[in-house]
Every structure is written in C-alpha cells, then in structure tokens.
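Structure first, commentary second.
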Amino acid sequence: MGKKKKESATEKIERGIKELYSTEQRQLLLVTKIQRSNHLNGLNYYAAFNEDGVEIYQENKNATYNVMRADRFGWKEWLSVDVDHYTLKSNFLFKNGLDTWNLIIELKGKDVVQLIKSYTDIQVNDIPRPWYKKILGFRSGKKWKMVIASIVYLLILSSFISNFGNSGKQGTNSQSTTAATPASTQQTIDSTQQKVNTEEKKKEDAAKKKEQQKAIIQFEQELYSIEKPATAAGNRYKATAEKMGKGQATIYDLYEAASNANKQADKTRYAYSTLKVPEGLPADVTDMLKEAKSKLSTAYYTKSKAMEYAMEFIDSQKPSDLQKAKEETQMSDQFILAGITKVLEAKEKMGIPLDNKKQ
Numbered sequence: 056m057g058k059k060k061k062e063s064a065t066e067k068i069e070r071g072i073k074e075l076y077s078t079e080q081r082q083l084l085l086v087t088k089i090q091r092s093n094h095l096n097g098l099n100y101y102a103a104f105n106e107d108g109v110e111i112y113q114e115n116k117n118a119t120y121n122v123m124r125a126d127r128f129g130w131k132e133w134l135s136v137d138v139d140h141y142t143l144k145s146n147f148l149f150k151n152g153l154d155t156w157n158l159i160i161e162l163k164g165k166d167v168v169q170l171i172k173s174y175t176d177i178q179v180n181d182i183p184r185p186w187y188k189k190i191l192g193f194r195s196g197k198k199w200k201m202v203i204a205s206i207v208y209l210l211i212l213s214s215f216i217s218n219f220g221n222s223g224k225q226g227t228n229s230q231s232t233t234a235a236t237p238a239s240t241q242q243t244i245d246s247t248q249q250k251v252n253t254e255e256k257k258k259e260d261a262a263k264k265k266e267q268q269k270a271i272i273q274f275e276q277e278l279y280s281i282e283k284p285a286t287a288a289g290n291r292y293k294a295t296a297e298k299m300g301k302g303q304a305t306i307y308d309l310y311e312a313a314s315n316a317n318k319q320a321d322k323t324r325y326a327y328s329t330l331k332v333p334e335g336l337p338a339d340v341t342d343m344l345k346e347a348k349s350k351l352s353t354a355y356y357t358k359s360k361a362m363e364y365a366m367e368f369i370d371s372q373k374p375s376d377l378q379k380a381k382e383e384t385q386m387s388d389q390f391i392l393a394g395i396t397k398v399l400e401a402k403e404k405m406g407i408p409l410d411n412k413k414q
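So the number in my numbering is just where the residue sits in the sequence shown, counting from 1, plus 55.
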C-alpha cells in the first residue's frame, strides 16, 4: 500500500478556507493563491470568491483554519475590470470611475474571469497581448529585460543542443558536464528572474504607496472641509457677543447666533460620523484615521452641547450655564486637537510631509 501524498502548504490553506466557509454556512465559488505587495514578508495570500465579492486571506499558522481575513471587496463596488493574462499569472484591475483595485491571480486567472461573468454585472475587458509578450522577460517591453531574457534562453538552448549532441559519445566526464550545465543554467534563470521580480515589486510598491498617500491627503482635505460651516458659525457667535458688549447687537441677535452655531455643530458631528475612511490602506493607518474622525465627531458633539448651554445662559442668566458652556468648549478643543494629531500620525507613517496637504 503506497504512502499517502503529503498535503502541500497551498492545499492546506485552501482546505482551511473551505472549512471556514462551511462552518459559516456560506457558499465558496473559488479559492486561489494571489500575489500581494507585501508578499516578500514571507506570508502567502489567498483570494476566496463568493457571490457577494472577494475576501483576501493571509496565512496564519496560529489561527484555527491557518488563515485570517485581511480584506474584503464587494462586487457592487466595481463597474469594470481590465484583465491582462501572463504565462503564470493574471492581472485584474478593477475600476469604478474613481477608485481602482489591483488583484494578481496565480494560475487560475481564466477561471476568475468566467466567475466574474457568471455572477456579476462587471464589464470584463480582456487586454490583447502578442504571444511573445507573455514570455518572461518580454512582458514589459523594456529592452534591458528582453536582453537578459534572450541571454538566458540562449543558454538554455545551447545547453540542450550540447547535451543532445554529446549523448552516448562521452563517458563519465560527459555525464558530469551534462549534469553541471543545466544546474548552472537554472541558477542563472533563478537569479535573473529574482532581479526582474524585485524590480517589478519595487515599482508596484512605489505606485501603490503613492496612491495610498493621495487617498490620505484627500481624506484630510475632506476633514477640514467638513468643519468650515461650523467654524464660521462659531466665529459669528463670538463676533455677535463682542458687538453686544459694545451695544451694537441685541440679546436676540446673540441667541440666534448661538442657535445657528448649535445646528452647524450637530451637522458637522453627523458628517464626521458617516465619513468613510479610504480602503486599501495598512491596518494601523486605517485605525489612526478611524480614530481621527471619531474624535472630531465627538468634538462637535461637545461643541453642540456648549452652544445649548450658551443658549440656556442667554435665557436664564445663570452663571452655572455659562460655566458649563466654557467646559464643553474646552473639551471640544481637546478632542479636535486629538483628532488632528491622529491624522498627522497617519501621514508620518505613510511618509507624507506634514506641511504638505496636496500630493
């Protein structure tokens, strides 16, 4: 009785994802290994396809099913996808008019295309590619890569011809040379391919980081834009209070300014609470931005309360209401500072100059 075939690492991970889906009573359409920008950290990543979208799983030997969910993308988020098939991988660039998402599938690219056509309304655009551009080294069309690839392929061809011509004509020395030549050639191939992959990886990482930086800067600009109406209303309230002290405004003017500042603060609170953090960012950066908008939302909640106490003071003239208004205002300022600090931490983490709001 033969030995049972040992399960490969990929088979083990795919089995784990299937078991996870079975436990959660969800339908799994396809699971396949993918390439990610941070795959050089030694971890493997897999994509699990279902009727709702794609879930990205990261290898984790300490987890119950040897994987942990790292990301999720819904089909409804995308309008079209450009598909570029290579020899060993397929590049999927999803688009929705504003954002893009790049997914690199290993080996099962055509299966994924068929799945997208069957289960979604996403328009699939196959990018035509001449046969020679599917060959390793010729895909990018860059001369230096093509030269290196040509040299490697010539070495392989010459090695094959040499081995074929010398077959049966030489003894032990021939066998030794025959064994050594393919090994040397393979080392050259591996070394060359590693250099090409490293170069491509650096460019992919740089492009991805630039897109992430743009997303963070845009998010920061949205944060500042949201607060402008509330800031303007607060300034009008302060100006009206100063005018009232000089006899240039009435108590009714002050009450109306406080009421308007209260409404604008509440609108700002809601806008911050519903603002979405950009997708595709590192987990720690995402957490920073979520905390930033949470603190800003809380800041304008307390600012709204401050205006309520100010309105009560205008009505009652109780010193306690005025004191509460001051305390809520101070607390609001502290939350605003904490929120801005988190945004600056996220920018610093992503290498964005702190004095640069535009990328």
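Heads up, the beta-carbon is just placed ideally off N, CA and C, and yes, glycines get one too.
| task | Please report how far the alpha carbon of residue 146 lies from the alpha carbon of residue 164, in whole angstroms. | result | To locate residue 146, count along the sequence shown from 1; it is residue 91. To locate residue 164, count along the sequence shown from 1; it is residue 109. In this structure, the straight-line span from the alpha carbon of residue 146 to that of residue 164 is close to 8 Å.
| Nonlocal neighbours in the same chain, by C-beta distance under 7 Å from residue 166, ignoring five residues either side | Residue mapping note: residue 166 aligns to position 111 of the sequence shown, counting from 1. The beta carbon of residue 166 sits closer than 7 Å to those of 85, all from its chain and outside the five residues before and after it, given in chain order.
| Is the stretch 393-401 close to the stretch 359-366, with three or more CB pairs under 8 Å? | Fewer than three beta-carbon pairs drawn from the stretch 393-401 and the stretch 359-366 are found closer than 8 Å, and the two stretches are therefore not classed as touching.
| task | Helix, strand or coil for residue 273, going by three-state DSSP, please let me know. | result | Taking the first residue of the sequence shown as position 1, residue 273 is located at position 218. Helix at residue 273.
| task | Flag this pair as touching only if the stretch 120-133 and the stretch 70-80 have three or more C-beta atom pairs under 8 Å; answer yes or no. | result | Under the 8 Å Cβ criterion, the stretch 120-133 counts as touching the stretch 70-80, having at least three qualifying pairs.
| request: Would you tell me roughly how many angstroms separate the C-alpha atoms of residue 371 and residue 310, rounded to the nearest one? | output: Within the sequence shown, the letter at position 316 stands for residue 371. Within the sequence shown, the letter at position 255 stands for residue 310. Roughly 12 Å between the two C-alpha positions.
| When the distance is taken between beta carbons, is residue 312 closer than 7 Å to residue 291? | In the sequence shown, the residue the question calls residue 291 occupies position 236. In the sequence shown, the residue the question calls residue 312 occupies position 257. Cβ atoms of residue 291 and residue 312: closer than 7 Å.
| For residue 158, is the classification buried or exposed, using 16 other Cβ atoms within 10 angstroms of its Cβ as the cut-off for buried? | Looking up residue 158 in the sequence shown gives position 103. Classification of residue 158: buried, given that the 10 Å Cβ count is 16 or more.
| Given 8 Å, three or more beta-carbon pairs between the stretch 328-341 and the stretch 301-310 | The stretch 301-310 and the stretch 328-341 do not touch, with fewer than three beta-carbon pairs separated by less than 8 Å.
| query | DSSP three-state call for residue 124: helix, strand or coil? | reply | As a position in the sequence shown, residue 124 is number 69, starting the count at 1. Residue 124: strand per DSSP, three-state reduction.
| Alpha-carbon to alpha-carbon, residue 109 and residue 62 | In the sequence shown, residue 62 corresponds to position 7, counting from 1. In the sequence shown, residue 109 corresponds to position 54, counting from 1. Their Cα atoms are separated by approximately 25 Å.
| query | Using the C-alpha atoms, what's the distance from residue 182 back to residue 144? | reply | Reading the sequence shown from its first residue, position 89 is the one you call residue 144. Reading the sequence shown from its first residue, position 127 is the one you call residue 182. Each residue's Cα considered, the two are about 14 Å apart.
| said: With a threshold of 6 Å on Cβ separation, who are the neighbours of residue 178 within its own chain once the five nearest residues in sequence on each side are excluded? | reply: In the sequence shown, the residue the question calls residue 178 occupies position 123. For residue 178, where only same-chain residues beyond five positions count, the Cβ hits under 6 Å are 135.
| message | Quick check on the burial criterion: 16 or more other C-beta atoms within 10 angstroms. Buried or exposed for residue 176? | response | Start at 1 with the first residue of the sequence shown, and residue 176 comes out as number 121. When all chains shown are included, residue 176 counts as exposed.
| message | Quick check on DSSP: helix, strand or coil for residue 178? | response | Counted from its first residue, the sequence shown places residue 178 at position 123. In this structure, residue 178 counts as strand in the three-state DSSP scheme.
| Out of curiosity, what's the CA-to-CA distance linking residue 391 and residue 319? | Within the sequence shown, numbered from 1, the residue matching residue 391 stands at position 336. Within the sequence shown, numbered from 1, the residue matching residue 319 stands at position 264. Distance between the alpha carbons of residue 391 and residue 319: 16 Å.
| said: Less than 7 Å between the C-beta atoms of residue 324 and residue 352, yes or no? | reply: The residue labelled residue 324 in the question sits at position 269 within the sequence shown. The residue labelled residue 352 in the question sits at position 297 within the sequence shown. By the CB criterion at 7 Å, residue 324 and residue 352 fall inside the cutoff.
| residue 331 (DSSP reduced to helix, strand or coil) | Counting from one through the sequence shown, the residue named residue 331 turns up at place 276. In this structure, DSSP gives residue 331 a state outside helix and strand, which the three-state scheme calls coil.
| request: Give the secondary structure of residue 106 by DSSP, where H, G and I count as helix, E and B as strand, and everything else as coil. | output: Position 51 of the sequence shown holds residue 106. The answer is coil: DSSP assigns residue 106 none of H, G, I, E or B.
| request: Leaving aside the five residues before and after residue 406 along the sequence, list all residues of the same chain whose C-beta is less than 8 Å from its C-beta, in chain order. | output: Position 351 of the sequence shown, counting from 1, holds the residue named residue 406. Once the five neighbours on either side are set aside, the close Cβ partners of residue 406 are 264 and 268.
| Rounded straight-line distance, which links the Cα of residue 282 to that of residue 259 | Numbered from its first residue, the sequence shown carries residue 259 at position 204. Numbered from its first residue, the sequence shown carries residue 282 at position 227. Roughly 36 Å separates the two Cα atoms.
| message | For a test of the three-state rule: what should DSSP assign to residue 396, helix, strand or coil? | response | Translated into positions along the sequence shown, residue 396 becomes position 341. Collapsing the DSSP output to three states places residue 396 in a helix.
| message | Using the Cβ count rule (16 or more neighbours within 10 Å means buried), how would you classify residue 127? | response | If you number the sequence shown from 1, residue 127 lands on position 72. By the neighbour-count criterion, in which 16 or more other beta carbons inside 10 Å mark a residue as buried, residue 127 falls on the exposed side.
| said: With distance defined between alpha-carbon atoms, name the residue in 384, 82, 91 and 65 nearest to residue 107. | reply: For the purposes of this step, residue 107 is taken as the residue at position 52 of the sequence shown. For the set 384, 82, 91 and 65, the Cα lying nearest the Cα of residue 107 is the one of 82.
| What span of residues does the beta strand (DSSP E) with residue 88 cover, start to end? | Numbered from its first residue, the sequence shown carries residue 88 at position 33. Per DSSP, residue 88 belongs to the beta strand (DSSP E) from 85-90.
| Under a three-way DSSP split, which group does residue 402 fall into? | As a first step, residue 402 must be located in the sequence shown, where it is residue number 347. In this structure, residue 402 counts as helix in the three-state DSSP scheme.
| Roughly how many angstroms lie between the CA atoms of residue 132 and residue 156, to the nearest whole one? | On the sequence shown, residue 132 is found 77 positions in, with the first residue counted as 1. On the sequence shown, residue 156 is found 101 positions in, with the first residue counted as 1. For residue 132 and residue 156, the gap between their C-alpha atoms comes out near 10 Å.
| Residue environment, residue 75, which counts as buried when at least 16 other CB atoms sit within 10 Å | Walking along the sequence shown from the start, residue 75 turns up at place 20. Buried is the call here.
| said: Relative to the C-alpha of residue 348, which candidate in 275, 380, 80 and 185 has its C-alpha closest? | reply: On the sequence shown, residue 348 is found 293 positions in, with the first residue counted as 1. Ranking the options by Cα distance to residue 348, first place goes to 275.
| What are the residues that DSSP puts in a beta bridge with residue 340? | Taking the first residue of the sequence shown as 1, we reach residue 340 at position 285. When DSSP reads this structure, residue 340 sits in no beta bridge, so it has no partner.
| message | Please return the same chain residues whose Cβ sits closer than 7 Å to the Cβ of residue 148, not counting the five positions on each side in sequence. | response | What you label residue 148 is simply residue 93 of the sequence shown in a count that begins at 1. Counting only Cβ-Cβ distances below 7 Å, and skipping sequence neighbours, we find 136, 137, 155 and 157.
| Where the alpha helix (DSSP H) through residue 77 begins and ends | Indexing the sequence shown from 1 puts residue 77 at position 22. Run containing residue 77: 64-78, per the alpha helix (DSSP H) assignment.
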